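Read left to right, the sequence shown gives residues -17 to 955 (our numbering). Below: one structure, written as structure tokens.
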Amino acid sequence: MTGSKANTSLHQALVRELGSSVRFDDGHRAVYASDASNYRQVPIGAVVPASLEEFVAGVRICEAHGAPILLRGAGTSMSGQTVNQAVVFDLSAHCNRIVELDPLARTALVEPGVICDALRDRAEAFGLTFAPDPSTHSRCTLGGMIANNSCGPHSVMAGKTLENVEALEVMTCDGERFWVGPTPEDELGRIIAAGGRRGQIYRDLRDLRDRYAALIRERFPDIKRRVSGYNLDQLLPENGFNVARALVGSEGTCALTLQARVRLVKSPAVRVVLVLGFPDIYVAADAVPEYQRFSPIAIEGLDRAIIRGLEARNLARDEIALLPQGDAWVMVEFGGDTLDDALAQAGRAEAYFRERPAGPVPSCWVIADPAIQKRVWSIRENGASATQLSIDPSIPDPQVGWEDAAVAPLRLGDYLRGFQALVDRYGYRTSLFGHFGDGCVHARVTFNVRTVEGVATFRAFLREAAQLVVDCGGSLTGEHGDGQARAEFLPIMFGEELMEAMRAFKRIWDPKGLMNPGKLVDAYRVDENLRMGPAYKTVNIHTRMNFRSAEGDGFQRAIEHCVGMGRCRSEQGGTMCPSYRATKDERFSTRGRSRLFWEMLQGEVIRDGWRSQPVKEALDTCLACKGCRSDCPTHTDMASYKAEFLSHYYEHARRPRQALTMGRIGDWAPWAARLPWLANLMTQNRYLAPLAKKIGGIAAQRDLPRFARRPYRRQHPPALPAGKRVILWVDTFCEHFHPEVAAAAAGVLQHAGYQAVLPDKPLCCGRPLYDFGYLDLARERLRKILDVIGPQLGEAGADHREPVAIVGLEPGCMSVFKDELLKLFPDDPRARQVSRMTFLLGDFLHQAGYQPPTLDRDVLVHAHCHQKSLFGSKGDVALLAAMGVRARHLDSGCCGMAGSFGFNPEHAAMSLAVGEQSLLPAVRAATPDTIVLTNGFSCREQIRQSAGRDVMHLAELLHLAIDQQAVAAMQAT
């Protein structure tokens, strides 16, 4: 199939059958052009089927039109097997049912879009788990894991995905649909005798087995992590002619998985981790047989390079401080039915290593606390992605081009020494980490693929690296698949005769060559389709904000922060990414938007630059929650990218009505507050409010906030001449809508020994301006703030008359001083001073050592997204603990209101969908006497309007405790 006419015909046929599930627009083609690998191929289009039946129908249409087909789950492949010039079927959005879970048989029947953690969470209810758990377990799909033969740390416990697949329902490209699994010889005979397409497939597979059996036994490495190539060994009689497992790891090049029956194993009720610190990674690898003798469930290694990279970026300092002394670490996990059981296992291993009979004696630390274990594991899970951009301009970014070779664990130390010598000889640098228990090691190498010469060196290195692994009896890939990254070098491992057997295996299933062509067999060269190869364009583009980071400056470098690992596609935990969670649309993930920006700068698929409609469409659903700024391992900052884009986009387009009513609320609210009764008549009256909403572009189902009778500034008491002072930053919302919050804060600060003073003039931080790209106006707002507050701060508390801090109440507003202020005034020392001296109330009080009165209440706590991203909740958590309240801190993500976002008629439904994911059900489930606590104005509005509950700010809760203490004291006297 070639040419635009053929693509048009295909598109029309798909739309007739599947309707809106078909996405052939430039925006979707752009986001599916890349994964987490070094490769990029623009697809023909995408289909997001609403059901397996739609998927089957779509495949048949593609086959009839001769269109290549690519299945995709989370798109986190590091070898390029989830990009192709094909029709991409994304099964993650809707084909994700856990059809059946049988705890007695210890199996589950799943559709291919089921997320690994979703299955694991369901199985945990029965004390079971799905053992393979790659670092992307929060978003990778079972279909993708089956296609890749994924593993993870706990393959030590129960093997690769292959060993955990019992049967598959598959469909060939030409529409034949049947179940496959282990096949006894008599059943094999019956299937062949029955004839038809299925019978022919089985006949050909049997003949292939018989012809190549001796060579398969001779050439296939006898190691646990042999993931390279097709699993032809599973057709051997000793393996039960297991057609399902032969297809595992085939990377979507042979058949389509419709359903899978997978094995579940016992999940240890309690886990304990022994962390060992060694002088270097090589002696740590030499000790693998010693770890294995204690039967752990995971053995993970990590070298110093990733730790140094995190330290240089000022990341994960608290987690790194937990590691025992050493320059390489091994995390050995033990599982048991009870804590005593797990501790006993870890204790035996610890005792052995403390008295190790030979070799270096490692430092040891046994961790029983699950929370601390999670923090230590996070270094291993996120460290590589977080350090995947170089902070030294003279050193190329580490790449995933030689990612996960595997050898026999007994030879791991020797392999690592040989590999490091090869790296050194080529002048590269690398980090080393991985699954030591199975001999699988990940490496991020500083390949230079930006120049023709660099690519030639890259090819030469990979060839030598492949030979080294084969010489060590290993596999080119032990986890992430061959795809395009290693497939070219498979003949080194298997020889030409076995490669012909693998080509024959593919032809049996896919005679037309439509299934993910150019991957695994008859593959593209390793240096084709490079995403950031010699053809990558460096673009110097004017921006209003300054995008500076340790990894390099400029908007393009900022966009390169996204390396495609897709943590923004996680469906629970953290904040990122609420719009993806609500829609399951790849364009509306942080990664999807980053890919659109990347394509915009390259100008091939997205051609209109700052005027691009596909980019604008994707950004419209961004809540600017800043969750990605903290949750993303590479700190992709989509809220800032959105504000920058909109500032240019609206140079040539009209801003919507909401830009005036919501974006510029800081301008008109002070005027409306002069006649609050009139403003409230217009916005609260049952007859006038609908008209006000329509004029202002506000969603009909939303309530407009009520103006207070008196703004806070008119109520604020004059400062006393003596005592320590802080500037109380009273934002527009506390000033005009909730002055009681500001009054409570002033009272609490006074109770803590501080006088709250206001800025000398009324000021607004301009937070809502960024949502509509008003960056020039925002800069002027901030310049005024610096001019007013700068002199007021003086020498930052040189004496008691000068404020020691700026204390704020609304996280969204205070985040401006921590983030946008520094982007718009990066070289102004006043900006750095304001940013440094800015605190949220809870953080300031905690740092000042404030001891609040006790309070006997249940409190449900939701933290504002900007608070979590830029400040954290440490201060609030500490104060609530000191008060003695029974606090339940929700991991509730974004509330969904997100400033003006939820008031927009086009976003109201999505806003509610985001809130319903976690926050709103938790609020509704709380008892009536539970206090719902949140510091964000928009969070308060979402909870009040959508759950019907009143909400307190931390300042109000603290003031309540102070009042109750005073009442108790009066009663006592």
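The beta-carbon is built from N, C-alpha and C at its ideal position, and this holds for glycine as well. Remember, predicted model here, so these are calculated numbers, not experimental data.
CA-to-CA distance, CYS607 to PHE579, given in whole angstroms: In a straight line, the C-alpha of PHE579 is about 18 Å away from that of CYS607.
Exposure label - ALA269; buried when at least 16 CB within 10 Å: Here ALA269 is buried: its Cβ has 16 or more other Cβ atoms, across all protein chains shown, within 10 Å.
Option nearest ARG868 by Cα separation, candidates ALA681, ARG839, ALA690 and GLY854: Residue nearest to ARG868 within the set ALA681, ARG839, ALA690 and GLY854 is ARG839 (criterion: CA-CA distance).
Segment contact flag, the stretch 222 to 233 with the stretch 157 to 171, C-beta cutoff 8 Å, min 3 pairs: A contact exists between the stretch 222 to 233 and the stretch 157 to 171.
Residue nearest to GLY463 in terms of C-alpha spacing, selected from THR64, VAL41, ARG79 and ARG445: Closest by alpha carbon: THR64.
Beta-carbon spacing of THR557, ASP613 below 7 Å: Against a cut-off of 7 Å, the Cβ pair of ASP613 and THR557 comes out as a contact.
Buried versus exposed call for ASP406 [16 or more other C-beta atoms within 10 Å across all chains shown]: With a threshold of 16 other beta carbon atoms within 10 Å, ASP406 falls short and is exposed.
Among LEU902, ASP156, PHE715 and ASN66, the one whose alpha carbon lies nearest that of ILE43: Cα-wise, what sits closest to ILE43 is ASP156.
Beta-carbon proximity of ALA387 to GLY421, cut-off 7 Å: No, these two residues do not count as a Cβ contact at 7 Å.
Buried/exposed call for ASP17, threshold 16 Cβ in 10 Å: ASP17 comes out buried.
Pairwise C-alpha distance: LYS850 and ARG507: The C-alpha of ARG507 lies about 44 Å from the C-alpha of LYS850.
TYR669, DSSP secondary structure in three states: Coil at TYR669, not helix or strand.
In chain order, each alpha helix (DSSP H) run of at least 4 residues that lies wholly inside the stretch 384 to 409: The stretch 384 to 409 is shown to contain whole alpha helix (DSSP H) runs of 4 or more residues at 394 to 407, in chain order.
Outcome for MET497 when other beta-carbon atoms lying within 10 angstroms are tallied against a minimum of 16: Around the beta carbon of MET497, 16 or more other beta carbons lie within 10 angstroms, which makes this residue buried.
Three or more C-beta pairs below 8 Å linking the stretch 528 to 545 and the stretch 33 to 48: Taking 8 Å as the limit for Cβ pairs, the verdict is that the stretch 33 to 48 does not touch the stretch 528 to 545.
With 16 other Cβ atoms within 10 Å as the buried cut-off, status of GLN307: Per the 10 Å Cβ criterion, exposed.
Minimum length 4: unbroken alpha helix (DSSP H) runs contained in the stretch 475 to 552: The DSSP assignment places complete alpha helix (DSSP H) segments of no fewer than 4 residues inside the stretch 475 to 552 at 537 to 541, in order along the chain.
Three-state class that DSSP yields for ALA242 in the structure shown: Note: ALA242 maps to strand in three-state DSSP.
Per-residue DSSP class, three states only, for VAL209: Note: VAL209 maps to coil in three-state DSSP.
Every unbroken alpha helix (DSSP H) inside the stretch 687 to 728 [4 residues or more]: Fully enclosed alpha helix (DSSP H) runs of 4 or longer: 694 to 697 and 714 to 718.
Three CB pairs or more closer than 8 Å across the stretch 572 to 588 and the stretch 537 to 547: Per the Cβ contact rule, the stretch 572 to 588 is in contact with the stretch 537 to 547 (3 or more Cβ pairs under 8 Å).
Inter-stretch contact (C-beta, 8 Å, three-pair minimum) for the stretch 77 to 94 and the stretch 323 to 341: Proximity of the stretch 77 to 94 to the stretch 323 to 341 falls short of the contact definition, fewer than three beta-carbon pairs being nearer than 8 Å.
Environment of LEU702 [buried if 16+ CB atoms lie within 10 Å]: Per the 10 Å Cβ criterion, exposed.
Start and end residues, alpha helix (DSSP H) containing GLY181: The continuous alpha helix (DSSP H) containing GLY181 extends over residues 178 to 201.
With 16 other Cβ atoms within 10 Å as the buried cut-off, status of SER594: The residue in question, SER594, is buried, as its Cβ has 16 or more Cβ neighbours within 10 Å.
Enclosing alpha helix (DSSP H) for LEU321 [first to last residue]: Element bounds for LEU321: 321 to 336.
Three-state class that DSSP yields for THR909 in the structure shown: Look at THR909 here: in three-state DSSP terms it is coil, with no helix or strand label.
Same chain, Cβ closer than 7 Å to ALA56, neighbours up to 5 away in sequence not counted: Contacts found: SER74, THR118, ARG121, CYS122, THR123, GLY126, GLY548 and ARG551.
Delimiting residues of the beta strand (DSSP E) encompassing VAL949: Careful: VAL949 lies outside any beta strand (DSSP E), inside the alpha helix (DSSP H) at 936 to 954.
Stretch-stretch touch, CB-based, cutoff 8 Å, three pairs: the stretch 626 to 639 with the stretch 820 to 838: Under the three-pair Cβ rule at 8 Å, the stretch 626 to 639 does not count as touching the stretch 820 to 838.
Length of the line joining the Cα atoms of GLN(-6) and VAL29: Answer to the nearest angstrom: the Cα atoms are 13 Å apart.
Presumed contact (8 Å Cβ cut-off) between PHE965 and LEU605, rounded CB distance: A question about residue 965 goes unanswered here, because the residues of the chain that appear run from -17 up to 955.
Contact check, LYS766 vs TYR736, beta carbons under 7 Å: Their beta carbons are not under 7 Å apart, which means LYS766 does not touch TYR736 by this criterion.
Cβ shell of LYS967 (< 6 Å), same chain only, five flanking positions each side left out: With the chain running from -17 to 955 in the structure shown, residue 967 is simply not present.
DSSP state of ASP972 mapped onto helix, strand, coil: Outside the modelled stretch of the chain, which goes from -17 to 955, sits residue 972, for which no answer is possible.
Short Cβ contact (7 Å threshold) for TRP711 with GLY794: Contact flag unset, no.
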